[in-house]
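Residue numbers (our numbering), protein chains in the order written: chain C, 93 to 331; chain X, 34 to 288.
For glycine and all other residues, C-beta sits at the position ideal for the given N, C-alpha and C.
Bear in mind that the values here come from a model prediction, so they are computed numbers and not experimental data.
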Amino acid sequence: MKAWPEAATIEERGLPVAVVDHGAGNLVSIRQALSAVGAEPRLATHPGDLEGVAAIVLPGVGAAAPAMERLAEAGLVPAIASWVADGRPLLGICLGLQLLFDGSDEDGAQTFGFVPGRSVLLRNAPRLPHIGWNQVERVRDHPVFAGTAPDADFYFVHSYAGQPAAEARSTVLAETEHGERFVSVLATSTVVGVQFHPERSGADGLRLLGNFVRWATAIDADRGARTVPAGAGGGRGGD
Amino acid sequence: MLRRRVIPCLDVANGRVVKGTRFVDLVDEGDPAELAARYADEGADEIVFLDISAAPEGRATLLDVVERTARRAFVPLTVGGGVRTVEEFRAVLRAGADKVSLNTAAVTDPSLIERCARVFGRQAVVVAIDARRSDRGWDVVVKGGREATGLEAVAWAARAVERGAGELLVTSIDRDGTRSGYDTDLLWAVSDAVSVPVIASGGAADPSDFVAAVRDGNADAVLAASVFHRRIHSIGEVKRAMAAAGIPVRLGRAA
């Protein structure tokens, strides 16, 4: 048996991934799903919790304003903004995707602004919230889709959706139909957003999460080798 | 296209799945987390747990069941039964549920719907309505049909949605446990009165009942308990019947 953790690299131990906790919902599922794909999830409630992780997952349900307020109170707004400005990997899930835009029509909240555009109500939807499994129709390929069908079903629960500005249309990776077409997956060079819940989307959801973790690892490797120094217990020693 | 959902419902008492007509002749059917995981593998689109524990200590056991299920089944979980406060609602979500259904407590104090929706978002708030046919249409009843509330079901459905319900779980108490099919008139009336998704419950026996709930009742999701527990029909059989009737369902591939 290998000496552990002294000799273990991050890859062998599972990539440490911060799961941002802003107080409202179910984080059991996302943590469990990340563990199932070999990552090492850590709850992040303040900026110090982002030290030593290789990627951030920004989950969330509900409205944008209270989420941004809680993130601001925790000091996580500037921390996440500088993380993304540094070109480090982040996955926004559901509300987490909507927060990537400039603002939300839901309550006028100002959000992160990583992607030009706004979150808008699905006005033409036959029923809202849009709840259930729906097809995610790929318009552009991306490593996060590896091993999934080009129109695989994922589980959605939302009423608003991110609408990229004209100059940000190139970020769109997939769309979904519910009375109108909306963006269900988008990506910049280091940030991915999914409107559905991969942690609640069965085998394909786990595939997508595993793909994100691998993609994040590659981005991380590009930024320079990151291994856990000898004797570092919690993986924070490198900072 | 959005799929119509097929949802097995697990009645849980003191941490065990029980079956029978919902509130009588309870028979121990095993560990809820085990059963939920099996249903997820068989294609369940969601899982609903209804806590019917008589004793208060049943609640702690239920949270443990929810957490154990959330750790193995990567499909959405809705939990109902006895939630009366925002804090209890939060505890169920933190244990791993995605949605919580409110029933009696919402009837007693409709502001609970609003308060929970404000904190957790309306998508997390399911209002469960138990309805019984009456001269004026359908009456809302609680405690498994043993107690009248004075509310008319369709009007209450509309009011619950105004207050912040993101989804309605509509059970026909007349049909529940009778295996005589869903009350599609009730489903249609509620579905027509609200803009949120409606889950049909009560009376499922044959795959054609599930088809009727969607086709004649306009239900967005169909829920059943004993038909699945007793293995009379599998989730796959039900979904194939729905697909054959032209209803969009998630058939997917094996995990």
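- Flag this pair as touching only if the region 203-222 of chain X and the region 162-173 of chain X have three or more C-beta atom pairs under 8 Å; answer yes or no. yes
- Item | Where the region 125-158 of chain C meets chain X: residues whose CB sits under 7 Å from a CB there | 125, 153, 154, 155
- So with Cβ pairs under 7 Å, would you call residue 114 of chain C a contact of chain X? no
- Message: Any beta carbon from chain X within less than 7 Å of residue 212 of chain C's own beta carbon?
- Response: no
- Query: Since residue 229 of chain C sits in a beta bridge, which residues does DSSP pair it with?
  - Reply: C/267
- Task: Return yes when at least one heavy atom of the ligand GTP lies under 6 Å from the C-beta of residue 225 of chain X, else no.
- Result: In the structure shown, the ligand GTP is absent, as is every other ligand, since no ligand is present at all.
- Query: Ends of the alpha helix (DSSP H) at residue 111 of chain X?
  - Reply: Counting along the chain, residue 111 of chain X falls outside any alpha helix (DSSP H), though it belongs to the beta strand (DSSP E) covering 110-113.
- Task: Would you mind giving the Cβ-Cβ distance between residue 106 of chain X and residue 69 of chain X, rounded to the nearest angstrom? I have them listed as a contact below 8 Å.
- Result: 5 Å
- Query: Starting from residue 256 of chain C and walking both ways along the beta strand (DSSP E), at which residues does that stretch end?
  - Reply: 252-256
- Under the three-state reduction of DSSP, which class applies to residue 176 of chain X: helix, strand or coil? coil
- Pull up the distance between the alpha-carbon of residue 320 of chain C and that of residue 65 of chain X, whole angstroms please. With a pLDDT of 45 at residue 320 of chain C, under the threshold of 50, the predicted position of this residue should be treated as unreliable, though the coordinate-derived value follows. Between residue 320 of chain C and residue 65 of chain X, the C-alpha separation is close to 40 Å.
- Message: Can you confirm whether the region 137-153 of chain C touches the region 116-125 of chain C when touching is taken to mean that 3 or more C-beta pairs between the two stretches lie within less than 8 Å?
- Response: yes
- Nearest-angstrom beta carbon gap, residue 194 of chain X and residue 227 of chain X [assumed within contact, 8 Å]: 5 Å
- Message: When you compare the CB of residue 249 of chain C with every CB in chain X, is at least one pair closer than 7 Å?
- Response: yes
- chain X within 7 Å of residue 121 of chain C, Cβ atoms only: yes
- Buried versus exposed, by CB contacts within 10 Å (16 or more), residue 176 of chain X: exposed
- Under 7 Å Cβ-Cβ, which residues of chain C neighbour residue 109 of chain X? 247, 292
- Item | residue 75 of chain X versus residue 171 of chain C - alpha carbon distance | 42 Å
- Task: Could you tell me the distance, in whole angstroms, from the CA atom of residue 284 of chain C to the CA atom of residue 189 of chain C?
- Result: 8 Å
- Item | Closest residue to residue 315 of chain C among C/305, C/262, C/180, C/129 (Cα-Cα distance) | C/180
- Nearest-angstrom Cβ-Cβ length linking residue 293 of chain C and residue 246 of chain C, presumed shorter than 8 Å: 4 Å
- Compare the Cα-Cα distances from residue 264 of chain C to each of C/279, C/270, C/250, C/257 and report the closest residue. C/279
- Starting from residue 196 of chain X, follow the alpha helix (DSSP H) in both directions and report where the run begins and ends. 186-196
- Apart from the five residues on each side of it in sequence, which residues of its chain come closer than 8 Å, Cβ to Cβ, to residue 184 of chain X? 140, 172, 173
- Message: Check for me: the beta strand (DSSP E) holding residue 232 of chain X runs from which residue to which?
- Response: 231-234
- Message: List, in chain order, every chain X residue whose beta-carbon is nearer than 8 Å to that of residue 220 of chain C.
- Response: 228, 229
- Cα-Cα separation between residue 288 of chain C and residue 248 of chain C, rounded to whole angstroms: 4 Å
- Three-way DSSP call (helix, strand, coil) for residue 202 of chain C in this model: strand
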